[in-house]
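Heads up, the sequence shown is in this note's numbering, so the first residue is -13 and it goes up one at a time.
Backbone N, C-alpha and C define an ideal beta-carbon position, used for all residues, glycine too.
Below is one structure, written out as structure tokens; comments come after it.
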Amino acid sequence: MTSHKLVIIGTGFGGLGLAARLRETGIDDFIILEKSDGVGGTWRHNTYPGAECDIASSLYSYSFAPNPAWDFKWAKQPQILDYLEGFTKDRDLYRHIRFGATVTGAVYDKGRWTVTTAGGKTYDCQFFVSAVGQLHHPSIPNIKGKETFKGPNFHSAQWDHSVDLTDKNVGVIGVGASAAQLIPEVAKIAKHLTVYQRTPNWMINKHDRPYSKFEKWLAGKLPFMAKLYRGGLWCQGEFFIWPVIKGAKIRGALVRKLNALEIKKHVKDPEKRSKLTPDYAVGAKRILLSDKYYPAIGRDNVTLETQSISEIKAGGIETADDKFHAHDVIVYATGFFSNPFLKNIDVRGEAGRALREHWKDGAYAYLGVTTAGFPNMFILYGPNTNTGHTSIVYKLEAQFEHILKLMDKTGDGTVEVNDPAETAFNEEAQEKLSKLAWAKIDASWYKDRERVTNNWHGGSTEFKRRLENPIFDHFTFSHPISDKSTTA
Ligand code: NAP
């Protein structure tokens, strides 16, 4: 067993960014446990055709590591992975990372955490940080007969690149953000593509384009211009999409109008058009951005199937109207288990309390980062920190500063959020969330049963302000030498 100041799980944007900030503040005694064989997290695993970001890359990147070389406004997955690999190298983080280390448990006792991996290794640390993200475990629905299908079948996040889809009959189940990116690519080469849609999405154009050489030169030579541009992208999310989620009537109507125009422009078949139009509040599910989805659905070799799937058979899919669709390949673009958080990791806090028991009615945490009964544990991209309108990386940076400030105040001791402060925060968050579009739909990956467990209740300015200015009175700091506690 080795001992460290911190053990972090995960090398996505969260784990790597915190690691870089730790080093900048002079903390070098940490390791990052990563189950994969390389860095990048979701940007390593999601290699499906067409994978790219749906937040513009100048904003979906660290403010302290700008990249003037983005080829497209919305970078493609390989370039985002390159960026993270380059960042890891530049910041000399590789020496902190232990690859192939799947964390299975973390136990707190008397001011220290013991973190265990599947390989049986244990690590002792003062601070335990989860940076495993919210969309990590692919979800394949338990459809009757799915194991009987004879052809290749895989999840969008586990793309099998050995399978050539050219001239094949392909079925794609799901029409979320991943599906919206991969469907246009599959439609181009498949003989026939059947898209199984349960709920349509509100979608608007991305207006993607490559950056010119001049723009890249400008971003590299005049960082001030790049910052200004980043600020402009932030404003679009904050002042156009966020109000829609809050229920702004005119902006909501504009999204509906833009959506209807795009469908009309690209899809000639009236039946397909009506199937594509959502009937729920704009913003209740993630508003998707794509220039390619509706043109793909409008193609003659694409069927949009809205009958529910009754059974998967050896040669294809049967729908509720008893129709059989023959397929050579089935792709599950069916999303992720966003709940429970920290799935498959047995976390035990004070007195052996299990985190999964603590969160049995749905995950919550004070400002999304700390939870009572689990001292010296920090969660990056934890409960109620997600967003439907801006960059997660922007929000992660506020979480890094929150953690660094708490660590600084804690010194060699322990820090734990006070239960009343956490309860008050959760009540405030749930009360505000109940008025937003996300609450106006029965199910989405943002929710665990009735509660919106994944998303933040306000704008990102408020998030940044509250996270970067921790109210120390909301925490109990204990000091090991005097063993005296300070509380509010
Ligand atoms: P998702 O948005 O949860 O979509 C899953 C899809 O599968 C939905 O259409 C869902 O239908 C459908 N589905 C699930 N079970 C089904 C079943 N039994 N039968 C039929 N359909 C079923 O998942 P995702 O597309 O992977 O995206 C998840 C999140 O990842 C996104 O919201 C986004 O935040 C992130 N993401 C980001 C990017 C990016 O560009 N940065 C790209 C991809 C994903 P229902 O809607 O009816 O449940």
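Straight through space, the alpha carbons of V89 and G36 are spaced by roughly 31 Å.
Counting C-beta pairs with one atom in each stretch, the region 339 to 351 and the region 96 to 107 have fewer than three that are closer than 8 Å, which means they do not touch.
Between the region 289 to 297 and the region 449 to 457 there are fewer than three inter-stretch CB-CB distances shorter than 8 Å, so the stretches are not counted as touching.
In this structure the region 356 to 370 touches the region 326 to 335; the number of beta carbon pairs closer than 8 Å is three or more. Per DSSP, F449 is one residue of the alpha helix (DSSP H) stretching across 446 to 454. For R84, the enclosing beta strand (DSSP E) has its first and last residue at 83 to 85. Cβ-Cβ distances below 7 Å link Q144 to P124 in the same chain, with the five nearest sequence neighbours on each side left out; the list follows chain order.
Taken atom to atom, the span from the alpha-carbon of R342 to that of N330 is near 10 Å.
Selection H147, P170, L179 evaluated against K154 yields L179 as nearest (Cα-Cα).
Per DSSP, reduced to three states, the secondary structure at Y215 is helical. Taking C-beta separations shorter than 6 Å and ignoring five residues to either side along the sequence, the partners of Y318 in its chain run I126, H141, I159, following chain order.
Under the 8 Å Cβ criterion, the region 219 to 231 counts as touching the region 362 to 375, having at least three qualifying pairs. Counting only runs of 4 or more residues that sit fully inside the region 163 to 242, the alpha helix (DSSP H) segments are 163 to 175, 199 to 207, 209 to 222, 228 to 232, in chain order. When secondary structure is reduced to three states using DSSP, Q63 falls in the helix class. Inter-segment contact for the region 192 to 203 and the region 62 to 81 is absent: fewer than three beta-carbon pairs are separated by less than 8 Å.
Closest in alpha carbon position to K395, among G137, F461, K271, is F461.
A distance below 8 Å separates the beta carbons of N370 and N441.
Residue nearest to V25 within the set G(-2), L8, I13 is G(-2) (criterion: CA-CA distance). Within the region 109 to 143, the complete beta strand (DSSP E) runs of at least 3 residues fall at 139 to 141. According to the DSSP secondary-structure assignment, F310 is paired through a beta bridge with E304. For R98, the uninterrupted beta strand (DSSP E) segment begins and ends at 98 to 103. If only complete runs of 3 or more residues are kept, the region 380 to 452 shows the beta strand (DSSP E) at 400 to 403, in order along the chain. DSSP places D76 within a helical segment (H, G or I) once states are collapsed to three. By the Cβ criterion, the region 235 to 243 is not in contact with the region 128 to 135, since fewer than three pairs of Cβ atoms, one from each stretch, lie closer than 8 Å.
Nearest in C-alpha terms to T11, of all of K426, F449, W431, I389, is I389. For secondary structure counted as the alpha helix (DSSP H) over 4 or more consecutive residues, the region 307 to 352 holds these complete runs in sequence order: 341 to 344.
Judged by the Cβ position, F135 fails to qualify as a neighbour of the ligand NAP at the 7 Å threshold, every heavy atom of the ligand being at least this far. By the neighbour-count definition (other C-beta atoms within 10 Å, threshold 16), D255 is an exposed residue. The beta carbon of D394 sits no closer than 7 Å to any heavy atom of the ligand NAP. Collapsing the DSSP output to three states places L366 in coil.
The DSSP-derived three-state label of G1 is helix.
Listed in chain order, the non-local C-beta contacts of A425 below 7 Å within the same chain comprise L419, V438, local neighbours out to five positions each way being set aside.
Assignment of beta-bridge partners to Y94 by DSSP yields W99. G3 is positioned such that its CB atom lies no closer than 8 Å to that of E20. The residues L204, in chain order, have a CB closer than 6 Å to that of M211 in the same chain once the five nearest residues on each side in sequence are set aside. Pairing F113 with M393 gives a Cβ-Cβ distance under 8 Å.
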